[in-house]
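**Q**
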Amino acid sequence: MISVATWNINSVRLRADQVERFLTQESPDVLCLQEIKTPENLFPHDVFEKLGYTHRAVHGQKGYHGVATVSRIPFRDFSKHDWQDNGEARHIGVELLGPGNGLIVENVYIPAGGDVPDRAVNPKFGQKLDFLERMTRWAEKIERPTLITGDFNIAPLECDVYDHKALLKVVSHTPTEVETLQRFADAHGWVDLGRKHIPAPERNYSWWSYRSYWRAKDQGRRLDHMWASPEAAAQTRSHRFVEETRKWEQPSDHIPLITELDL
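In the UniProt record's numbering, the protein residues as written are 1 to 263.
Put into structure tokens, the structure is as follows:
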């Protein structure tokens with residue numbers, strides 16, 4: 001049995017103590033981080049080293065974006081794609097070599113897409129859709145058992161947001177984004193582990209804005225995901241979210257997800 005976690009940490013250096021607390025408490029074998037906001041040379045390697053996460057793959061940049069995968073299980077760097085075609089650090093893939101040998105773990109941070117859901121007036125929205133289309137072409141060619149995880153910045157189901165009708169024109173839940181994400185899902189037959197183990201319409205949010213959460217309003221969205229190839233999905237035994245991290249001091253606006261696989 002192995003466990004894989006994902007968390008948009010919103011600055012790994014700022015929240016290194018929270019990552020340490022989470023790893024000590026939950027002890028996943030692999031942790032995929034998004035929005036680390038640091039180049040590799042400034043990544044807090046010592047925090048992970050002392051906790052036994054001696055295997056690390058970091059694809060970062062100064063101040064923005066960035067992803068990192070840390071593990072107690074040996075792995076090799078497997079892939080690094082620029083699906084936005086602009087040099088931003090948004091993806092890193094590894095192949096597990098110890099327990100779970102052969103499983104590919106792809107860690108991705110899909111662009112948020114700006115505020116206006118119209119590529120004609122908001123280039124960021126177009127970049128998001130193009131990023132997903134490039135991911136779809138990639139997914140069509142996958143031949144290995146794969147787990148893709150991270151901040152997808154899309155809540156696909158009506159029950160994945162606090163108010164479906166109110167958010168239909170809000171970036172992250174628009175029909176265009178949902179349809180584009182579904183094409184990506186269909187390209188490889190991905191299984192959405194969040195809904196395999198926590199069936200709709202059960203509450204399953206992973207993100208709350210700072211403003212609404214501090215006001216004690218449960219205005220959440222399920223923006224973070226763990227999807228698996230059909231053969232890997234069949235080996236998953238549990239999936240859960242760790243919402244208590246959202247109440248820690250100066251937290252990320254996202255919470256971690258953890259999946260256990262019988263590998």
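Glycine included, each C-beta is placed from N, C-alpha and C at the ideal position. Since this is a predicted model, take the numbers as computed values, not measurements.
1. Nearest by alpha-carbon distance to residue 235: which of 146, 179, 176 is it?
2. Would you kindly check if the distance between the Cβ of residue 26 and the Cβ of residue 9 is under 8 angstroms?
3. Could you check the C-alpha separation between residue 135 and residue 39 for me, to the nearest Å?
4. Would you tell me roughly how many angstroms separate the C-alpha atoms of residue 86 and residue 138, rounded to the nearest one?
5. Closest to residue 65 by CA distance: which of 107, 31, 29 is it?
6. Could you spell out the range, first to last residue, of the beta strand (DSSP E) harbouring residue 16?
7. Across which residues does DSSP place residue 77 in a beta bridge pair?
8. With three or more beta-carbon pairs closer than 8 angstroms as the criterion, would you say the region 59-78 touches the region 95-105?
9. Could you tell me how far apart the beta carbons of residue 51 and residue 20 are, in whole angstroms, since I believe they sit closer than 8 angstroms?
10. Could you compute how far the alpha carbon of residue 263 sits from the alpha carbon of residue 2?
11. Where does residue 119 fall in DSSP's three states?
12. Please name the residue or residues paired with residue 126 in a DSSP beta bridge.
13. Just tell me which of 151, 210, 206, 199 has its CA closest to the CA of residue 181.
14. For residue 83, which option in 250, 237, 58, 110 has the closest C-alpha, if you only look at C-alpha atoms?
15. Between residue 160 and residue 211, how many whole angstroms is the CB-CB distance? I'm expecting something under 8 angstroms.
16. In its own chain, which residues sit with a C-beta less than 7 angstroms from the C-beta of residue 116, not counting the 5 before and 5 after it?
17. Measuring alpha carbon to alpha carbon, tell me which residue in 170, 60, 204 is nearest residue 118.
18. Extract the residue ranges of the alpha helix (DSSP H) inside the region 160-197, only unbroken runs of 4 or more that lie entirely within it.
19. In this structure, what does DSSP give as the bridge partners for residue 34?
20. At what residues does the alpha helix (DSSP H) containing residue 202 begin and finish?
21. Nearest by alpha-carbon distance to residue 30: which of 229, 243, 91, 7 is it?
22. Below 8 angstroms on the Cβ atoms is my guess for residue 237 versus residue 202; work out the distance and round it to an integer in Å.
23. Assign residue 144 to buried or exposed, taking buried as 16 or more other Cβ atoms, counted over all protein chains shown, within 10 Å of its Cβ.
24. Assign residue 248 to one of three DSSP states: helix, strand, or coil.
**A** Well, looking at it:
1. Counting from one through the sequence shown, the residue named residue 235 turns up at place 235. Comparing Cα positions, the closest option is 146.
2. On the sequence shown, residue 9 is found 9 positions in, with the first residue counted as 1. On the sequence shown, residue 26 is found 26 positions in, with the first residue counted as 1. It is not a contact, given that the beta carbons lie outside the stated cut-off.
3. Taking the first residue of the sequence shown as position 1, residue 135 is located at position 135. Taking the first residue of the sequence shown as position 1, residue 39 is located at position 39. Those two C-alpha atoms are separated by around 24 angstroms.
4. For the purposes of this step, residue 86 is identified with residue 86 of the sequence shown, where counting begins at 1. For the purposes of this step, residue 138 is identified with residue 138 of the sequence shown, where counting begins at 1. C-alpha separation (whole angstroms): 17 angstroms.
5. Against the sequence shown, residue 65 aligns to sequence position 65. Residue 65 has its Cα closest to that of 107, out of 107, 31, 29.
6. Residue 16 sits at position 16 when you count from the first residue of the sequence shown. Premise fails: residue 16 lies in the alpha helix (DSSP H), 16-26, not in any beta strand (DSSP E).
7. Walking along the sequence shown from the start, residue 77 turns up at place 77. For residue 77, which the question treats as bridged, DSSP gives the partners 94.
8. yes
9. Walking along the sequence shown from the start, residue 51 turns up at place 51. Walking along the sequence shown from the start, residue 20 turns up at place 20. Contact holds; Cβ gap of about 7 angstroms.
10. Here residue 263 corresponds to residue number 263 of the sequence shown, with the count starting at 1. Here residue 2 corresponds to residue number 2 of the sequence shown, with the count starting at 1. Between residue 263 and residue 2, the C-alpha separation is close to 6 angstroms.
11. Taking the first residue of the sequence shown as position 1, residue 119 is located at position 119. Reduced to three states, the DSSP call for residue 119 is coil.
12. Along the sequence shown, read from residue 1 onward, the residue named residue 126 stands at position 126. Note: residue 126 sits in no beta bridge, so no partner.
13. Within the sequence shown, residue 181 is the residue found at index 181, counting from 1. Minimum Cα distance to residue 181 is reached at 151.
14. Here residue 83 refers to the residue found at position 83 of the sequence shown. The residue with the shortest Cα to Cα distance from residue 83 is 110.
15. On the sequence shown, residue 160 is found 160 positions in, with the first residue counted as 1. On the sequence shown, residue 211 is found 211 positions in, with the first residue counted as 1. Actually they are not in contact, since the Cβ atoms of residue 160 and residue 211 sit about 20 angstroms apart, beyond 8 angstroms.
16. If you number the sequence shown from 1, residue 116 lands on position 116. Contacts found: 122, 125.
17. Against the sequence shown, residue 118 aligns to sequence position 118. Nearest C-alpha to residue 118: 170.
18. 164-167, 175-188, 193-197
19. Here residue 34 corresponds to residue number 34 of the sequence shown, with the count starting at 1. Residue 34 is bridged to 8, 67.
20. To locate residue 202, count along the sequence shown from 1; it is residue 202. Residue 202 -> no alpha helix (DSSP H), and no H or E assigned at all.
21. Reading the sequence shown from its first residue, position 30 is the one you call residue 30. Out of 229, 243, 91, 7, 7 has the C-alpha closest to the C-alpha of residue 30.
22. For this step, residue 237 is matched to residue 237 along the sequence shown. For this step, residue 202 is matched to residue 202 along the sequence shown. At roughly 18 angstroms, the Cβ-Cβ gap does not stay under 8 angstroms, so residue 237 and residue 202 are not in contact.
23. Counting from one through the sequence shown, the residue named residue 144 turns up at place 144. Exposed, because fewer than 16 other Cβ atoms sit within 10 Å of the Cβ of residue 144.
24. Start at 1 with the first residue of the sequence shown, and residue 248 comes out as number 248. In the structure shown, residue 248 sits in coil (DSSP, three-state: anything other than H, G, I, E or B).
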